[in-house]
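Chains as they are written, first to last, in this note's numbering: chain U, 1 to 140; chain E, 141 to 294.
Note that the Cβ used here is the ideal one computed from N, Cα and C, for glycine as well.
Notes follow the structure.
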Amino acid sequence: MRLQLGDTGYLLPSMPGFTIEQRENLITNKSPEGNVAAWRAVQNRRLPAYGLDAALRVTRPPRWRRAVFLDVSPQTVGLVVDEVQLLPRAETVISPFTPLGLPPTRLGHLFSGAWITGQRAILVFEPKALIAYLQSLGEE
Amino acid sequence: MKKPAPGPRLHSLELPLDGVTLLVPSAAVAEVINPQATMAPVPFSQPWLKGVIGWRTLAVPVISFETLVGAPTPVNTATGKIVIFYPLSGRSDWEFYAMFATAEPRPQLLTRSEPVVTEAEMPDLPYIAAGLKVDGRLMLIPDVEALKKVFYPA
Numbered sequence: 001m002r003l004q005l006g007d008t009g010y011l012l013p014s015m016p017g018f019t020i021e022q023r024e025n026l027i028t029n030k031s032p033e034g035n036v037a038a039w040r041a042v043q044n045r046r047l048p049a050y051g052l053d054a055a056l057r058v059t060r061p062p063r064w065r066r067a068v069f070l071d072v073s074p075q076t077v078g079l080v081v082d083e084v085q086l087l088p089r090a091e092t093v094i095s096p097f098t099p100l101g102l103p104p105t106r107l108g109h110l111f112s113g114a115w116i117t118g119q120r121a122i123l124v125f126e127p128k129a130l131i132a133y134l135q136s137l138g139e140e
Numbered sequence: 141m142k143k144p145a146p147g148p149r150l151h152s153l154e155l156p157l158d159g160v161t162l163l164v165p166s167a168a169v170a171e172v173i174n175p176q177a178t179m180a181p182v183p184f185s186q187p188w189l190k191g192v193i194g195w196r197t198l199a200v201p202v203i204s205f206e207t208l209v210g211a212p213t214p215v216n217t218a219t220g221k222i223v224i225f226y227p228l229s230g231r232s233d234w235e236f237y238a239m240f241a242t243a244e245p246r247p248q249l250l251t252r253s254e255p256v257v258t259e260a261e262m263p264d265l266p267y268i269a270a271g272l273k274v275d276g277r278l279m280l281i282p283d284v285e286a287l288k289k290v291f292y293p294a
């Protein structure tokens, strides 16, 4: 799926468990404090969704419309996005790509491929590293 | 300066960077292209990794050698060139990488009579294996093994 974060699009490969929620179905964090942009209420739990800018820094995106929740252990995490688009597999040929240099997370680099369209490269998240990054953000 | 023994000629490219000039074998360079406005930044990457471009269906990381060696990053990279290198030895065949140059690389035909720069004459820069004086100008040869270690840390 293609995730729009600010002025930049990223791809997230298909995963066994994910949910896309509309903004109106979520509890928006009205406090200016904290990293969480919104929560999804599930039974007696609140699952956090974070807002990231194009550089993947925590932010409160003003125009987010949906959140993608990734159902993973130990805790489901979400990412609020301006737009999300499910792409047919046949339309996206992913080239392998590993960023040079030391990886920024303990699970490695945040990207494992890129979708090349002409001279433009759209980076493809490595799901485990992205999830580890989101889970590391916490509530504060 | 030592004078090496004469031998076969070596086709090389002189890569003008900001403040230094690199000398690389022509065979290491796949293509020289114009800078692309579509270069995608790579979040949380090393400061010397300036982004990734699409080239012949491949994703190619673009580095600033100046930033890598601790020199100031050139302010304007839009007026120079992007030099695309073949993958380093032992790496996968898709692992091309690229480097900013401040101008079009120039061919140099080395005769192996060019004086090797002594240690005292070498600038104090990492990732440099040796230096040559070509037409009286200092040209630095990158240390590809050191580059491999910093590009692909275990």
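Going by beta-carbon coordinates alone, are residue i and residue j separated by less than 7 angstroms?
{"i": "E:I173", "j": "E:I203", "result": "no"}
{"i": "E:L280", "j": "E:V160", "result": "yes"}
{"i": "E:G194", "j": "U:Q119", "result": "yes"}
{"i": "U:N29", "j": "U:A41", "result": "no"}
{"i": "E:L208", "j": "E:F236", "result": "no"}
{"i": "E:L157", "j": "E:S166", "result": "no"}
{"i": "U:L79", "j": "U:V72", "result": "no"}
{"i": "U:Y10", "j": "U:L123", "result": "yes"}
{"i": "E:S185", "j": "U:P127", "result": "no"}
{"i": "E:L150", "j": "E:P282", "result": "no"}
{"i": "E:V274", "j": "E:Q248", "result": "yes"}
{"i": "U:D82", "j": "U:R57", "result": "no"}
{"i": "E:A241", "j": "E:P175", "result": "no"}
Within 7 angstroms of any Cβ in chain E, is that where the Cβ of residue i sits?
{"i": "U:P104", "result": "yes"}
{"i": "U:A38", "result": "no"}
{"i": "U:I131", "result": "no"}
{"i": "U:Q4", "result": "no"}
{"i": "U:Q22", "result": "no"}
{"i": "U:A55", "result": "yes"}
{"i": "U:G135", "result": "A quick correction: the sequence has Gln, not Gly, at residue 135 of chain U. Closer than 7 angstroms: no."}
{"i": "U:Q85", "result": "no"}
{"i": "U:Q75", "result": "no"}
{"i": "U:Q119", "result": "yes"}
Quick one: is residue i buried, meaning 16 or more other Cβ sit within 10 Å of its Cβ, or exposed?
{"i": "U:S136", "result": "exposed"}
{"i": "E:A243", "result": "exposed"}
{"i": "E:E206", "result": "buried"}
{"i": "E:T258", "result": "exposed"}
{"i": "E:A294", "result": "exposed"}
{"i": "U:Q85", "result": "exposed"}
{"i": "E:V200", "result": "buried"}
{"i": "E:G230", "result": "exposed"}
{"i": "E:P266", "result": "exposed"}
{"i": "U:M15", "result": "exposed"}
{"i": "E:A260", "result": "exposed"}
{"i": "E:L272", "result": "buried"}
Is there a C-beta anywhere in chain U that falls below 7 angstroms from the one on residue i?
{"i": "E:L162", "result": "no"}
{"i": "E:A211", "result": "no"}
{"i": "E:V169", "result": "no"}
{"i": "E:L157", "result": "no"}
{"i": "E:Q176", "result": "yes"}
Pick out whichever of the options has its Cα sitting closest to the Cα of residue i.
{"i": "E:F232", "options": "E:Y292, E:V164, E:F184", "result": "Note on residue identity: the sequence assigns Ser, not Phe, to residue 232 of chain E. Checking every option, the nearest Cα to that of E:S232 belongs to E:Y292."}
{"i": "U:I131", "options": "U:N25, U:W115, U:R106, U:Q4", "result": "U:R106"}
{"i": "U:T76", "options": "U:Q4, U:M1, U:F125, U:Y50", "result": "U:Y50"}
{"i": "U:G101", "options": "E:L278, E:V182, E:V274", "result": "E:V182"}
{"i": "U:R65", "options": "U:Y133, U:K128, U:L3, U:E139", "result": "U:L3"}
{"i": "U:L26", "options": "U:L47, U:P13, U:P32", "result": "U:L47"}
{"i": "E:M239", "options": "E:P247, E:Y226, E:G230, E:Q248", "result": "E:Y226"}
{"i": "U:R60", "options": "U:E21, U:A90, U:P32", "result": "U:P32"}
{"i": "U:W115", "options": "U:S95, U:R89, U:G108", "result": "U:S95"}
{"i": "U:V36", "options": "U:P103, U:L52, U:G17, U:L12", "result": "U:L52"}
{"i": "E:L278", "options": "E:L287, E:P245, E:E254, E:E285", "result": "E:E254"}
{"i": "U:S112", "options": "U:M1, U:F125, U:P103, U:P104", "result": "U:F125"}
{"i": "E:P212", "options": "E:W188, E:W234, E:V192, E:L228", "result": "E:W188"}
For residue i, return the contacting residues in chain U, with the cut-off set at a CB-CB distance below 9 angstroms.
{"i": "E:F291", "result": "L100, G101"}
What in chain E is Cβ-close to residue i, meaning under 7 angstroms?
{"i": "U:P96", "result": "W234"}
{"i": "U:A114", "result": "V192, A199"}
Under 8 angstroms between beta-carbons, which chain U residues line up against residue i? List them in chain order, please.
{"i": "E:Y267", "result": "By Cβ distance, chain U contributes nothing, its closest Cβ being about 13 angstroms from E:Y267, past 8 angstroms."}
{"i": "E:I203", "result": "L100"}
{"i": "E:Y237", "result": "L100"}
{"i": "E:L189", "result": "P99, L100, G101"}
Give the residues of chain E in contact with residue i, contact being defined as C-beta atoms less than 8 angstroms apart.
{"i": "U:I122", "result": "A180"}
{"i": "U:L110", "result": "P183, F184"}
Going along chain U, which residues have a C-beta under 7 angstroms from residue i?
{"i": "E:S185", "result": "P99, G101"}
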